[in-house]
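*Asks:*
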Amino acid sequence: MKHELTQEEILVEIKDILSEYVEITRPLTSADRLIDDLGLDSFLIVYFITEIEDCFEIDIPETDFIELVTVKDLCERIQLEIKKHSTY
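The C-terminal position of the sequence shown is numbered 941 in the numbering used here, with every residue numbered one higher than the one before it.
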């Protein structure tokens with residue numbers, strides 16, 4: 854999955870992966886906070902982001918996980934990492 858994706862395409866993938874960890878009963882929005890709104894805890898977020906990395910074939914250092922507060926933060930980071938990898 855190395856081509857550039859729209860935010861909507863990324864949101865679909867995020868929701869699919871997220872549903873493995875927490876119950877999503879409403880539409881996912883870019884303003885949703887991963888921990889406060891969606892119910893991930895500090896342990897689940899590590900597993901969740903690892904699956905995100907696998908899905909999008911990217912690498913996000915664990916030290917950067919703290920910067921990923923909202924779904925929008927995660928979408929933007931995914932787009933950035935895909936763009937970085939596509940320039941190689």
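No residue lacks a Cβ here, since even glycine has one placed at the ideal position from N, Cα and C.
1) Assign Arg-953 to one of three DSSP states: helix, strand, or coil.
2) One question on the structure: do Phe-909 and Ile-877 come within less than 7 angstroms of each other, judged by their Cβ atoms?
3) Please name the residue, chosen from Asp-885, Asp-917 and Thr-882, that lies closest to Glu-934 on a Cα-to-Cα basis.
4) Taking 6 angstroms as the limit between beta carbons, can you name the residues of its chain near Ile-863, skipping five residues before and five after?
*Replies:* Let's see:
1) Only positions 854 to 941 of the chain appear in the structure, and residue 953 is not among them; the question remains open.
2) no
3) Asp-917
4) Cys-928 and Ile-931
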